[in-house]
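Chains as they are written, first to last, in our numbering: chain G, 8 to 501; chain F, 50 to 114. Note that beta-carbon positions come from the ideal geometry of N, C-alpha and C, so glycine has one too. On a predicted model such as this, the values are computed, not experimentally measured, just so you know. Following: one structure in structure tokens, then a few remarks.
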């Protein structure tokens with residue numbers, strides 16, 4: 008049985024400083040995060056001891072290329088909900104805490120949007136009159152610069168990486184039909200006559216497999232930072248996704264991918280091999296094909312559309328659910344994901360427009376196309392490009408997405424709670440609760456450890472190498488029974 | 050938990066024009082969405098960025114991951 012698919016989403020937001028001529032995005036991002044943190048809580052530094060973004064999952068060391076940067080000098084906060092909020096590559100980035108299932112991931116991803124919106128408000132109060140910071144939850148500036156929305160999933164270290172690549176590649180190329188956030192035009196040099204495409208990111212993928220994340224981006228990323236017991240776990244890092252505003256799209260993106268990865272882990276594909284002949288070409292072909300009708304060539308010579316590939320994966324997933332169950336993705340959530348996956352594929356075939364409010368590319372396309380037709384504009388009109396950007400504006404009063412009806416999977420009260428409270432079913436609970444109670448005694452926090460300064464002893468590090476320990480069930484009694492961090496550490500025996 | 054939709058599985062017919070055109074006649078949900086979009090279009094100019102061309106040109110990001 009596959010291990011629990013603990014998951015998370017890491018979003019780099021686009022950022023603009025309004026009301027000044029030149030602006031420095033790193034300074035603006037820092038100001039934004041600092042303004043929020045100052046209003047919310049005492050800031051806790053991030054501990055970089057176990058960060059190793061240059062390690063490669065295929066098992067060999069990098070040679071001859073530059074290691075990705077870890078920008079240790081930049082603003083870096085850990086929030087009481089267990090999330091990390093920091094400056095990365097000149098963007099504010101929000102990493103959700105470790106979530107136990109896809110629905111929880113939706114809730115914390117939404118909480119991230121609310122935190123960014125509050126940060127803008129907080130920043131406005133510190134800036135001179137007429138200035139303000141605006142953030143966008145998208146993945147491109149329309150000028151060839153892209154920034155990522157990454158997913159991560161806990162996997163068994165024993166699974167051969169080659170098997171993951173073989174079976175996840177066709178999923179990543181074809182899932183755009185429901186995960187795409189939509190984009191007007193194209194930023195790929197080779198693209199011709201692309202008025203609108205499914206994905207924000209497809210233009211930027213140039214390799215099949217690799218370690219890079221900022222240039223020559225690969226469809227399957229090999230970054231190997233388990234942030235957990237490295238003998239047992241892999242944290243599969245996904246860079247090929249779009250940032251979604253529709254909750255249903257986020258839910259399907261994470262929920263379906265978790266099931267596909269569980270099937271890979273349990274070696275359930277058997278003879279099913281959907282490997283594509285040319286994945287890099289195929290990812291653009293799918294993104295540019297609004298009719299969802301173009302066939303893709305498979306390595307074995309078959310020709311299937313993106314929808315066909317997704318139907319094949321769904322068929323396999325149904326058998327998997329029957330044979331093995333879906334406990335590893337939460338049984339109830341898993342079954343709901345299967346139903347919605349089927350509904351979505353069926354509707355994409357018959358009446359895609361009715362998925363407005365569920366899928367971002369459809370929602371955006373319908374709005375922009377209606378505006379375009381009403382005013383007699385072409386797809387390449389500046390107004391349409393502006394609306395494409397403004398769809399992703401995180402300010403509620405400016406966001407075009409927020410003005411449209413969309414289906415909610417989590418109610419706003421639950422999102423509000425997720426702004427400050429950690430998930431209960433992962434180690435994020437221990438991290439978040441310790442920060443709520445004893446922030447002033449915590450000098451550093453990381454995904455897999457907390458470092459306490461009790462004032463007298465040397466610093467005390469509490470390792471958290473098991474993502475599923477430190478849950479509410481495990482540690483609530485312990486936390487409630489400790490009035491000081493010293494008592495907590497004593498009881499933990501560290 | 051998410052609301053469960055009791056939607057009937059529709060026949061898997063493919064209509065290549067369907068993305069480009071309005072909802073097929075009789076599609077109640079499609080008409081409802083269209084009406085809502087129409088309502089939004091009536092007021093949208095108030096929230097749109099004033100100078101679209103400047104806005105699009107000045108939105109320049111440093112590349113990220």
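Short CB-CB distance (under 8 Å) between residue i and chain G
i             : result
residue 84(F) : no
residue 98(F) : yes
residue 95(F) : no
DSSP-derived helix/strand/coil call for residue i
i              : result
residue 560(G) : With chain G covering 8 to 501 only, the question about residue 560(G) has no answer from this structure.
residue 151(G) : coil
residue 456(G) : strand
residue 238(G) : coil
residue 283(G) : strand
residue 163(G) : strand
residue 220(G) : coil
residue 41(G)  : helix
residue 363(G) : strand
residue 140(G) : strand
residue 98(G)  : strand
residue 468(G) : strand
residue 110(F) : coil
residue 338(G) : helix
residue 62(F)  : Legend: pLDDT at residue 62(F) = 43, less than 50; position of this residue unreliable, no value from coordinates given.
residue 204(G) : strand
residue 52(F)  : Because the pLDDT of residue 52(F) is 41, which lies under 50, any placement of that residue in the model is unreliable, and the number read from its coordinates should be weighed accordingly. Here residue 52(F) sits in coil by DSSP.
residue 230(G) : strand
residue 122(G) : helix
residue 370(G) : helix
Sub-8 Å separation of residue i and residue j beta-carbons
i              : j              : result
residue 92(G)  : residue 399(G) : no
residue 500(G) : residue 434(G) : no
residue 256(G) : residue 186(G) : yes
residue 314(G) : residue 184(G) : yes
residue 96(G)  : residue 221(G) : yes
residue 147(G) : residue 214(G) : no
residue 90(F)  : residue 377(G) : yes
residue 345(G) : residue 267(G) : no
residue 192(G) : residue 242(G) : no
residue 85(G)  : residue 452(G) : yes
residue 361(G) : residue 79(F)  : yes
residue 372(G) : residue 203(G) : yes
residue 113(F) : residue 19(G)  : yes
residue 22(G)  : residue 140(G) : yes
C-beta neighbour in chain F for residue i, strict 8 Å
i              : result
residue 358(G) : yes
residue 184(G) : no
residue 309(G) : no
residue 390(G) : yes
residue 266(G) : no
residue 97(G)  : yes
residue 292(G) : no
residue 424(G) : no
residue 157(G) : yes
residue 433(G) : no
residue 93(G)  : no
residue 115(G) : no
residue 246(G) : yes
residue 217(G) : no
residue 393(G) : yes
Which listed residue (the options) has its alpha carbon closest to that of residue i
i              : options                           : result
residue 47(G)  : 130(G), 34(G) and 461(G)          : 130(G)
residue 87(G)  : 429(G), 360(G) and 297(G)         : 429(G)
residue 82(G)  : 115(G), 300(G) and 32(G)          : 32(G)
residue 349(G) : 259(G), 170(G) and 225(G)         : 259(G)
residue 254(G) : 201(G), 363(G), 397(G) and 309(G) : 363(G)
residue 100(G) : 467(G), 311(G), 15(G) and 168(G)  : 15(G)
residue 24(G)  : 412(G), 90(G), 37(G) and 438(G)   : 37(G)
residue 42(G)  : 10(G), 277(G), 123(G) and 111(G)  : 123(G)
residue 413(G) : 444(G), 367(G) and 396(G)         : 367(G)
residue 115(G) : 395(G), 132(G), 158(G) and 135(G) : 158(G)
residue 439(G) : 26(G), 379(G) and 89(G)           : 89(G)
residue 287(G) : 410(G), 152(G), 234(G) and 216(G) : 216(G)
residue 133(G) : 306(G), 35(G), 404(G) and 118(G)  : 35(G)
residue 88(F)  : 442(G), 374(G), 467(G) and 112(G) : 374(G)
residue 502(G) : 317(G), 239(G), 200(G) and 127(G) : As displayed, chain G neither begins before 8 nor continues past 501, which places residue 502(G) out of reach and without an answer.
residue 457(G) : 420(G), 418(G), 111(G) and 495(G) : 495(G)
Chain C within 8 Å of residue i, Cβ atoms only
i              : result
residue 223(G) : This model lacks chain C altogether, as its protein chains are G and F.
The stretch 239-249 of chain G in contact with the stretch 205-213 of chain G per 3-pair CB rule at 8 Å: yes
Between the stretch 430-449 of chain G and the stretch 465-479 of chain G, do at least 3 Cβ pairs fall closer than 8 Å? yes
Meets three-Cβ-pair contact criterion under 8 Å: the stretch 270-279 of chain G and the stretch 152-167 of chain G: yes
For the 8 Å Cβ check, are there 3 or more pairs between the stretch 281-291 of chain G and the stretch 170-181 of chain G? yes
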